[in-house]
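Chains as they are written, first to last, in our numbering: chain A, 26 to 562; chain B, 5 to 484.
So the structure is just underneath, and the comments pick up after that.
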Amino acid sequence: MLISNQGHLRHIALLFIVSLSPLLVSSSVAEDGKALYTLYCSACHAPDGKGANNGAFPPLAKSPWLGGTADRSIQIVLHGLQGEIEVPTDKDPNKIYNLVMPPQGGALTDPQIVAILNYVRNSWGNKNKPILLNEVVKNRRATAARTSMWQGKELLKKYPIHSNTPPPIEGLISKVYHGSWKKRPDFSKLEPKATYEEHKGLISIANAGNLKSFGMVWEGQIAIARKGNYTFTLDSDDGSAIYIDDKLVTEIKGLGGMGRAKSGKTKLSKGLHDIRVEYFEFSGEEAITLAMQGPGIKSPLQLSAVKPNIKKGPRWPSIPIDPPVNGTAFYRGFIDGSTPRSIGVGYHGGINLAFSADNLNIELLWQERFYDGGHHWTGRGQGNEPPAGKNTVKLTSMPVWGTLDSATAAWQAADQGETKRRFRGYQLGENDRPTFNYEVGSLKVSDVSTPEFDTKGITRTITIDAPSSGAPENLHLMICNGLDIKAADSAHTYLLGNNMQVEISSNSSALVRSKELILPLQLKPGKNQVTLRYQWK
Amino acid sequence: MRSLLLSLALISPLFAAPTQEEFYLREEIPLPKGEVMEIGSIALMPDQKVAVTTRRGDLWICEGAYADDLSKVKWTLAHRGLHEPLGMFYQDGSLILTQRPEVSKLTDTNNDGKIDSFETICADWGINGDYHEYAFGSTPDKDGNVWVVLCLTGSFNANSPWRGWCVRITPEGEMIPTCSGIRSPGGIGFNAEGDTFYTDNQGVWNGSSSLKWLKPGTFQGNPTGNIFYPDQTAIEPLKNQPKDGSRITTERERIPKFMPPAVVLPHGKVGQSPTAIIHDHTDGKFGPFANQVLVGEQTHSEVQRVFLEKVNGIYQGAVIKYLSGFEAGIIPMRLSDDGTLFIGGSNRGWASRGSKPFTFERVRSTGKTPFEILEMRAKPDGFELTFTEAVDPASIKPDSFSMAAWTYIYQSKYGSPEVDQATPVIKSATVSPDGKSARLIVDGLVKGHVHHLISNGVRSSKGSELWHKDAYYTLNEIPD
């Protein structure tokens with residue numbers, strides 16, 4: 026009886042487990058945040074949360090982006106994140122990333138998001154209170170209509186990152202003085218109109234209210250954890266000064282706007298030190314920022330309500346591209362100022378051009394350094410990058426082969442039928458200098474430039490091979506548009522804006538219109554030549 | 005209980021789990037010192053030269069990549085300054101490249117090792133400066149056409165002409181719009197029959213990444229590029245627009261041109277970012293998988309193996325994991341006639357498990373045949389498996405297998421969870437007389453679902469377990 030009973034019970038228990046097992050499996054899967062993280066997130070954020078490839082991708086370990094409200098984290102997972110973001114890493118407290126986190130809201134269920142975020146927000150040194158399913162459900166509902174990824178700035182505006190450290194300046198009070206000064210007054214001889222407690226411990230001019238001209242003095246104490254040299258960086262509109270233990274550390278004198286930041290160093294022992302900041306505003310804009318750097322402080326410590334604009338390292342490393350000696354450098358990326366199909370050419374000796382294969386013209390000419398690949402060759406390389414050198418001249422920004430029915434008619438770009446444009450490529454000649462080849466309808470064109478280093482310019486020869494049937498009527502070449510054009514003293518020479526001139530050799534005379542220099546093309550069957558000599562003035 | 009005990013007993017210490025090293029030798033090919041070689045395309049040239057291009061736009065020629073001693077490889081810089089080529093092959097003394105803005109023919113006309121002629125064959129598609137407007141180009145098809153798949157602007161929009169389309173470029177430079185519906189491709193290539201496939205990445209309208217068949221005139225699933233139907237005349241626009249939040253199987257009923265993914269590469273489980281497509285044309289020189297398709301995987305730094313079959317005129321089949329442990333995210337692959345697989349990779353901008361910033365590697369068969377599922381074919385009532393070696397007949401029984409099935413939401417949101425889960429039941433498993441194949445009778449096949457077969461209990465006649473036990477079959481059609 027007893028035995029059979031036990032067998033019966035065992036049978037029931039087994040059935041129970043079997044029948045429940047699908048549920049158990051699915052709930053354990055849903056709750057295994059680590060496994061889900063490994064599957065969906067770790068390729069970029071790394072199994073140790075430090076960001077894949079030594080932090081080439083944003084770390085989650087100790088990331089301030091995960092702290093505070095859960096909404097920020099949930100929204101990033103639901104809708105993704107793109108644009109520039111700043112995330113402190115072990116190596117760089119102000120590391121800028123510009124990558125893309127694709128939205129996961131369509132791929133992950135709410136329980137999966139809960140599991141992943143609870144794992145991430147409580148691993149690798151992160152400590153946050155658990156997210157509840159309800160919070161994900163609510164977030165998903167609230168932003169159900171959203172179809173685009175969050176931009177970093179947009180997200181931070183909605184869900185700011187607050188540090189929960191104690192106030193940077195302890196026992197901070199501010200005094201407001203009424204008056205109008207063109208240089209910092211001796212505040213010890215003035216009576217404050219009001220005194221405030223600044224509980225946030227940050228230098229702020231908010232308590233000056235709507236005053237147009239005023240002075241403020243803040244006094245408090247800063248706690249120094251390690252003895253050593255500390256740097257205070259002050260910026261203000263108008264003047265200001267900072268004193269530590271009654272000793273002037275740095276000062277911004279007289280009237281002027283932001284961007285006149287000054288830094289001063291002082292040696293401090295461990296413990297509390299008096300800090301006093303004096304400030305006056307004469308007229309116009311007003312602002313003050315203050316930051317502290319020193320031993321053990323990774324990221325400059327913000328001591329003002331407005332974030333100090335401390336000069337950061339470059340967003341990407343510089344990777345200069347230089348032409349080899351007696352050679353030519355090429356760059357086919359997205360050159361700012363020209364079209365997506367532009368081809369950068371850097372001649373040895375410091376003369377450079379961008380030829381647009383879309384518009385069939387040299388659109389940019391510049392001097393000295395050719396190009397920097399750092400922008401496009403770091404991360405995903407979003408955006409255009411301008412030439413690296415200087416004295417850039419933008420000659421045209423439109424298709425340059427076109428027709429003109431009369432001297433006053435509107436420009437019609439060659440495009441269809443007998444004037445269809447077609448880029449055909451390039452051949453390299455001496456010193457790897459390129460000859461560009463293209464077609465305009467039945468015309469076959471070759472276009473080669475030779476740098477003239479002594480005269481600081483290029484000579485460009487355009488050879489147009491017209492068929493025996495003849496060239497299209499009214500065909501014109503736009504030499505320059507968008508710059509002020511004036512005839513120069515010498516014949517067939519025109520000033521293009523302020524620092525470039527072009528000399529035209531052709532069998533016809535150019536037409537000068539408002540910001541347009543147009544050359545009529547009277548083409549004979551066979552080869553025709555136009556020479557353009559561009560020179561910086 | 006009995007089966008659990010039995011399968012425990014079968015995991016005998018006599019047979020260690022198979023490892024890649026037994027079957028394939030993976031070697032890193034030394035790269036030119038100080039150069040950033042984020043390889044985006046590979047071309048095999050005569051005299052055992054190999055050309056590679058980098059994402060930065062350099063073209064290098066490698067000699068000695070086939071030699072036993074790789075320390076002697078020699079690199080020659082042929083040009084710097086291309087526009088992110090993602091497709092290259094050798095033809096009649098020239099290299100044909102698919103660059104971001106164009107298909108071009110590069111030639112060293114004076115044989116000094118440097119390219120001096122850059123002929124633009126076709127530049128008829130749009131680019132607007134968006135970094136995501138990638139163009140992946142194929143090797144030539146039997147008519148000499150280069151197939152190019154054009155990624156959407158930012159992978160979401162069609163802001164430049166022909167974004168979201170596959171186009172063919174004829175040798176004369178004519179561009180033939182061929183298929184709409186593309187999102188974000190990672191590679192393009194042919195199967196052994198010469199049909200064209202590309203890989204598309206998980207994202208909007210792609211519940212998971214997949215391998216897709218570019219049958220001319222078909223719609224591949226992402227409607228964003230459909231705005232360009234009126235700019236061509238050869239293909240009729242879709243009569244019905246796809247419904248958001250549906251299933252591909254449902255939408256196929258409404259949209260006859262809708263070509264379902266031939267093989268879904270389940271997101272996370274198999275990979276996260278599929279890339280290059282080649283097939284094993286070496287007839288045994290690269291292991292026992294002649295004519296099967298190999299797919300690169302960027303995020304997981306792996307190569308997957310795909311068995312394809314046609315059912316009711318549609319391609320479908322199974323993906324099985326294959327090679328792993330590569331040093332960076334795989335982008336291009338090429339397999340030479342002698343059975344040397346070349347892979348190149350980078351992880352700039354998109355992370356990979358392989359943690360080097362870039363890599364160039366080769367893989368060769370050791371000559372030892374792995375015990376694997378060779379083919380997985382759909383049957384009206386289940387599947388037929390063939391194996392690379394004879395199996396232990398005793399191991400072919402329902403308990404040796406298990407199966408799960410699911411599909412994805414077809415939606416404008418990014419990706420999809422696995423939904424509509426089903427649990428097909430393996431009712432019987434019988435082995436063929438030669439021991440090289442097994443027939444599974446399965447209850448509860450679901451049209452359109454991924455069928456995940458796990459073959460934990462299968463053993464070879466020598467007692468070895470399968471190198472890879474998971475196969476994922478996409479059942480677009482159930483054969484009659």
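Yeah, the Cβ is synthetic: ideal placement off N, Cα and C, and Gly gets one too.
A quick note: this is a predicted structure, and the numbers were derived from the prediction, not measured.
Whose C-beta lies closer than 7 angstroms to the C-beta of residue i among residues of the same chain, with five residues either side of it excluded?
i: I131(B); result: R104, P105, E137, S164
i: H472(B); result: I324, K325, E376
i: T392(B); result: P292, T373, P374, F375, E376, L378
i: K118(B); result: A82, H83, D112
i: S75(B); result: P34
i: S98(A); result: L91, L142, R146
i: I482(B); result: A382, P384, L449, K451
i: A169(A); result: none
Report, in whole angstroms, the separation of the C-beta atoms of residue i and residue j, which I expect to be a contact under 8 angstroms.
i: L390(A); j: V418(A); result: 5 angstroms
i: P270(B); j: I318(B); result: About 19 angstroms; that fails the 8 angstroms criterion.
i: V355(A); j: I368(A); result: It is Phe, not Val, that sits at residue 355(A) in the sequence shown. Indeed, because the Cβ distance is near 7 angstroms, the residues count as touching under 8 angstroms.
i: Y418(B); j: V454(B); result: Their Cβ separation, rounded to whole angstroms, is 19 angstroms, which puts Y418(B) and V454(B) out of contact at 8 angstroms.
i: P89(B); j: P374(B); result: Not confirmed; about 34 angstroms, so no contact.
i: E223(A); j: I198(A); result: 7 angstroms
i: S340(B); j: Y28(B); result: S340(B) to Y28(B), Cβ: 15 angstroms. No contact.
i: R405(A); j: Y135(B); result: 5 angstroms
i: Q100(A); j: N164(A); result: 6 angstroms
i: V367(B); j: V395(B); result: The Cβ separation is near 27 angstroms, so there is no contact.
i: A535(A); j: L544(A); result: 5 angstroms
i: N524(A); j: L429(A); result: Rounded, the Cβ-Cβ distance is 28 angstroms, inconsistent with contact.
i: G358(B); j: G349(B); result: 7 angstroms
i: S277(B); j: Q302(B); result: 4 angstroms
Given that residue i touches chain A, what residues does it touch there, using C-beta distances under 9 angstroms?
i: N115(B); result: Chain A residues near N115(B): none, gap ~14 angstroms exceeds 9 angstroms.
With residue i as the anchor, note down where its alpha helix (DSSP H) starts and where it stops.
i: C183(B); result: Taken as a continuous stretch (DSSP letters only), C183(B) belongs to no alpha helix (DSSP H), being part of the beta strand (DSSP E) at 179-184.
i: E109(A); result: Careful: E109(A) lies outside any alpha helix (DSSP H) and carries neither H nor E.
i: R258(B); result: 252-258
i: C69(A); result: 67-70
i: P136(A); result: 135-145
i: N254(A); result: Element bounds for N254(A): not the alpha helix (DSSP H) but the beta strand (DSSP E), 253-262.
i: R187(B); result: Careful: R187(B) lies outside any alpha helix (DSSP H) and carries neither H nor E.
i: K53(B); result: K53(B) -> not in any alpha helix (DSSP H); beta strand (DSSP E) instead, spanning 53-58.
The beta strand (DSSP E) spanning residue i covers which residue range?
i: A433(B); result: 429-435
i: F140(B); result: 139-144
i: P348(A); result: Note, P348(A): premise wrong, no beta strand (DSSP E); not H, not E.
i: N377(A); result: 376-381
i: Q24(B); result: Element bounds for Q24(B): not the beta strand (DSSP E) but the alpha helix (DSSP H), 24-27.
i: A248(A); result: 239-249
i: R166(A); result: Counting along the chain, R166(A) falls outside any beta strand (DSSP E), though it belongs to the alpha helix (DSSP H) covering 158-167.
In chain B, which residues lie less than 8 angstroms from residue i when you measure between Cβ atoms?
i: P365(A); result: P105, I131, N132, G133
Which chain A residues sit within Cβ distance under 7 angstroms of residue i?
i: F122(B); result: G450, Y451
i: T228(B); result: Under the 7 angstroms cutoff, chain A gives no residues; its nearest Cβ is about 12 angstroms from T228(B).
i: A355(B); result: A68, C69, A77, N78, F82
i: T303(B); result: A68
So residue i contacts chain A; which residues on that side make the cut at Cβ distance below 8 angstroms?
i: S420(B); result: G131, A132
Going along chain B in order, which residues have a C-beta closer than 7 angstroms to the C-beta of residue i?
i: F355(A); result: R84, G85
i: Q407(A); result: Y135
i: Y65(A); result: G272
Going along the chain, which residues of its own chain have a beta-carbon closer than 6 angstroms to the beta-carbon of residue i, five neighbours each way excluded?
i: T228(B); result: L156, A162, G168
i: A330(A); result: L227, S229
i: F478(A); result: G374
Starting from residue i, find everything on chain C with Cβ-Cβ shorter than 7 angstroms and list it in chain order.
i: R446(A); result: Within the model displayed, chain C is absent; protein chains A and B are what it includes.
Kindly list the residues whose CB is nearer than 8 angstroms to the CB of residue i, restricted to its own chain and excluding five residues on each side of it in sequence; keep chain order.
i: S51(A); result: Because S51(A) carries a pLDDT of 37, less than 50, the predicted location of this residue cannot be relied on, and the following value inherits that uncertainty. Cβ neighbours of S51(A) beyond the five flanking positions: none.
Legend entry - Runs of beta strand (DSSP E) lying entirely within the stretch 314-341 of chain B, each at least 3 residues, in chain order: 318-327, 334-339
Legend entry - Length-filtered (4 minimum) alpha helix (DSSP H) runs lying within the stretch 359-402 of chain B: none
Inset, instruction - Kindly provide the ranges of any beta strand (DSSP E) runs that are 3 or more residues long and lie completely inside the stretch 272-310 of chain A, ordered along the chain. - result: 272-277, 287-293, 296-306
Legend entry - 3 or more residues per run - each beta strand (DSSP E) lying fully within the stretch 442-508 of chain A: 446-453, 459-465, 468-477, 482-491, 500-506
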